[in-house]
Amino acid sequence: MTQIGRIHIDKIKFFFILTLCIICVSFSYAQNKNIGIERNRVIDSLHTLIKADKYDTNRVNHSNILCRKYINIGLYDTALFYSNSALKLAQQLDFKKGIANSYNYIGLAYYNQADYPKALDQYLKALKIDEKRKDKLGMSLRLGNIGSVYSAQNETQKALDYYLKALKIAEELGNKNHISAWLGNIGNIYLEKDTYSKALDYYFKALKIDEELGSKTGMAYRFGSIGIAYKYQGNYPKALDYYQKALKLDEEQENKSGVARHLGNIGSLYAIRGEFKEAEKYLKKAIPIYDNIGALDNLRQSQTALSQLYDTIAQLAVNKGQWNKAAENYKNSIFYYKKSIELKDTIFSQENKKQLVRKEMNHEFDKKEANTKAENDKLQAVAEERNRRQTIISWSIAGGLLLVLVFSGFIFRSLRITRKQKNIIELQKDEVSLQKDIADTLREISEKQKHIVEEKQKEIVDSITYARRIQRALLTSDNYIKTNLPAEHFILYKPKDIVSGDFYWALSIAPLPGWDMGTNKIKLLPDTKRKQTFYMITADCTGHGVPGAFMSMLNISYLNENVIERGIRMPHDILNMQRKEIINALNPIGSTEESKDGMDCILCVYDFDKMLLHFAAANNPLWLVRHGELTEYKADKMPVGKYNEDVRPFTLQTIEFQKEDIIYTSTDGFADQFGTNGKKLMKKKFKEELLKINHQPMAEQKQHLDQFFETWKGNTEQVDDVCVVGVRI
């Protein structure tokens, strides 16, 4: 989906909302419409069964099924609780099948959270057990799941190998459901590899089996996949035909989410063909369906797509001099753009409700902590009083015994000793009992405090993990860049923590009529098939982790506002306005504190029509590799933000690029990494590696840099976020 939008909320309010989103406790599902699913009949009945179950294989199976239900509604922590409980019980019972299934569901929970290393580890454990048991059905399922992990990590060859292994076993068993699933997944791999004819072969094989099974859901899904493959092939009539077939089947089944998805695909296809009225009709049909089923993210994306469609129609009208038509479509574009932003604000505002819950929890925690401390102080006072009394009693008994000794003499010596020993034993017993009571009480208090701290820590980590999803959603999608950047490229993005201060952002914009990107002046230009200009920034905000994430999201919002809303086109002008906005937001009038936060970046504007690269750089340089030689273009030695020295405008630099030129931009995280030898990598060694690999395909360059970085880092801690971008012309 094109990243386009206008930020209407006040800057300080936007920053405050982001702060709440990061630090509030993770109760997002409690505010979502899907929370009703958690208490549906199936989940309630499973809870009832588990309560009635003995600690046997039935409890293992029911817990795993319940885990899957919670995964389906996104409650991954709850799902992991039940799958781990099932695993522990299955291991105690030596229930091998239950152990394998538990590993599988734990892996599925991690997979849905994009924690692919943990998911892979769990799937491999399950596969090992299935192989020992010679459970071929289980082996087929695990191999397919492992393939899905590799596919999600873009390791397409490994994914293909595992899908083929899973398919072979499913065919041996004659399990048509698994055969259809793996054929479809193999088709997806070939689609990802741009081998569309092979993708279609596998899709049609899967479709044939779905038809044999009478699975309308499967058939609708295959029709949609076939339509996508034909679209990528450029065969738009066939793509449209299969989209329509998919739409018809899902309408018959009243599958609203499928209907909305197919309507969006059809609308997108009509837009590509330039049939804007039809595109508008289908996109408008998708919007109320997404609204009805509560799919807020899909609703926002559809509104954004419709806004962009109207913007495109308006630009075409401007080119033809149809000013009234352009104005009307710009008005429509702004309407749906506002709808998209309002919905985005609604999603964010739901997070504000969590603040009250968090305050109540903090208040309850403080109250419990105070009660615990008071109880502890009381126990200690009681213990001290008992010790004092025991001391007095001991001295009194000793004095009495001494008097008995004086007055009774040697006659009563043995009796005195016997009594003394008896009293000492009784005192020791009392003292031991008292010490045990105190120790047990203190241990119980300690365990309660530890549990509270662990729960709070888990809530904070869950909140930051949820914030990572929000931040990743604001980054320009790989599919958008792949579709709109007419050049081979890679993006190596490695945050130090869960969320990141580094970010990348991209936008494809058609040149304005009469605007010369080369001179930044009005000029009459031929109005025939001008290519789009492509904007891309590689940025490093002040700090990393949560503070860095605040700054990255704030900068992304200003980029959208400056480029899309204000229409600023040249990179140095954009950075000048960006700096002004950042300073105003972080240093408002009347503030007693001065913030010097900002970002270092390289903002590139690729004009493929004129083969020109315009860029402006703050602190970080740009590198050009041509014919095996690397040229470094210096940056302005100042950040995009508050600066102590004289503030100067950013410098516009322009390069005439050639075919096979490679442009590299990077934040400082890669070069600043310490290795196992205790030394920094440094930019010199980084540039040597770029020269060493520049002849390789861009995907292989990314893999090489990633492996080189991890090898250099070894067991040392990653010191900063890393973002490296390469573009081959």
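If you're matching positions, the sequence shown starts at 64 in my numbering and goes up one per residue.
The C-beta atom is built at its ideal place from N, Cα and C for all residues, glycine as well.
Verify whether the separation of the beta carbon atoms of T601 and T779 is less than 8 angstroms. no
Pair within 8 angstroms by beta-carbon distance, S288 and G250: yes
Using the beta-carbon count (16 or more within 10 Å), is A536 buried or exposed? exposed
Beta-carbon proximity of A698 to P684, cut-off 8 angstroms: yes
Secondary structure, alpha helix (DSSP H): runs of 4+ residues fully inside the region 130-195: 139-156 and 159-175
Nearest-angstrom beta carbon gap, K659 and G704 [assumed within contact, 8 angstroms]: 6 angstroms
Look at the alpha carbon of P702 and the alpha carbon of Y299, and state the distance between them as a whole number of angstroms. 47 angstroms
Beta carbon of I726, beta carbon of L768: below 8 angstroms? no
Rounded Cβ spacing between I232 and I192 (contact assumed at less than 8 angstroms): Rounded, the Cβ-Cβ distance is 15 angstroms, inconsistent with contact.
Near A334, which residues of its chain fall below 7 angstroms by C-beta distance, leaving aside the five closest residues on each side in sequence? A342 and L372
Which residue comes first and which comes last in the alpha helix (DSSP H) that contains T280? K279 to Q296
Residues bridged to I725 [DSSP beta-bridge criterion]: V688 and R791
Looking at the unbroken alpha helix (DSSP H) that takes in F772, where does it start and where does it end? M761 to K776
Could you check whether G321 and A283 sit closer than 8 angstroms to each other, using their CB atoms as the reference points? yes
For G704, name the three-state secondary structure that DSSP assigns. strand
Given a threshold of 16 other Cβ atoms within 10 Å of its Cβ, counted over all protein chains shown, does E800 qualify as buried or as exposed? The question about residue 800 has no answer, for the chain in this structure spans 64 to 792.
Touching or not, the region 608-619 and the region 667-675, by the rule of three or more beta carbon pairs under 8 angstroms? no
Where do the ends of the alpha helix (DSSP H) carrying K747 lie? M745 to I756
Relative to the C-alpha of Y798, which candidate in Y621, L254 and Y145 has its C-alpha closest? A query on residue 798 cannot be resolved here, the shown segment of the chain reaching from 64 to 792 and no further.
I'd like to confirm the pairing. Which residues does DSSP put opposite M674 in its beta bridges? For M674, which the question treats as bridged, DSSP gives no partner whatsoever.
Just to confirm my understanding: we take V790, look at its own chain, exclude 5 residues before and 5 after, and list those with CB closer than 6 angstroms. What are they? A550, H552 and I726
Would you tell me roughly how many angstroms separate the C-alpha atoms of R102 and S146, rounded to the nearest one? Low per-residue confidence applies at R102: pLDDT is 46, beneath 50, and the placement is therefore not dependable enough to give any value.
Give the straight-line distance between the Cα atoms of G201 and S165, rounded to the nearest whole angstrom. 12 angstroms
Spatial neighbours of E317 in its chain, beta-carbon cut-off 8 angstroms, leaving aside the 5 residues before and after: none
Checking 8 angstroms against the spacing of the C-beta atoms, do W568 and T546 come in under that value? no
What's the call for K592, buried or exposed, on a 16-neighbour Cβ count within 10 Å? Reliability of the predicted coordinates at K592 is poor, the pLDDT of 49 falling under 50, and the value obtained from them is presented with this limitation in mind. K592 is exposed by the Cβ-count criterion.
Alpha carbon of K160 to alpha carbon of V123, nearest angstrom: 10 angstroms
Based on the DSSP output, what are the partners of E719 in its beta bridges? L675
Please confirm whether K239 and I291 have their CB atoms less than 8 angstroms apart. no
Which whole-angstrom value describes the C-beta separation of L346 and L369, a residue pair presumed to lie in contact below a C-beta threshold of 8 angstroms? 5 angstroms
Tell me where the alpha helix (DSSP H) around S571 begins and ends. Run containing S571: none in the alpha helix (DSSP H); it sits in the beta strand (DSSP E), D565 to I572.
Span of the beta strand (DSSP E) around F553: E551 to K557
Do you know offhand how far E218's Cα is from D224's? 10 angstroms
With a floor of 4 residues, list each alpha helix (DSSP H) that falls wholly inside the region 213-239, ordered by position along the chain. 219-236
If you check the beta carbons only, do D795 and D565 fall under 8 angstroms apart? Since the first residue shown for the chain is 64 and the last is 792, residue 795 is missing from the structure and cannot be characterised.
Distance between K261 and E275 (C-alpha atoms, nearest Å): 22 angstroms
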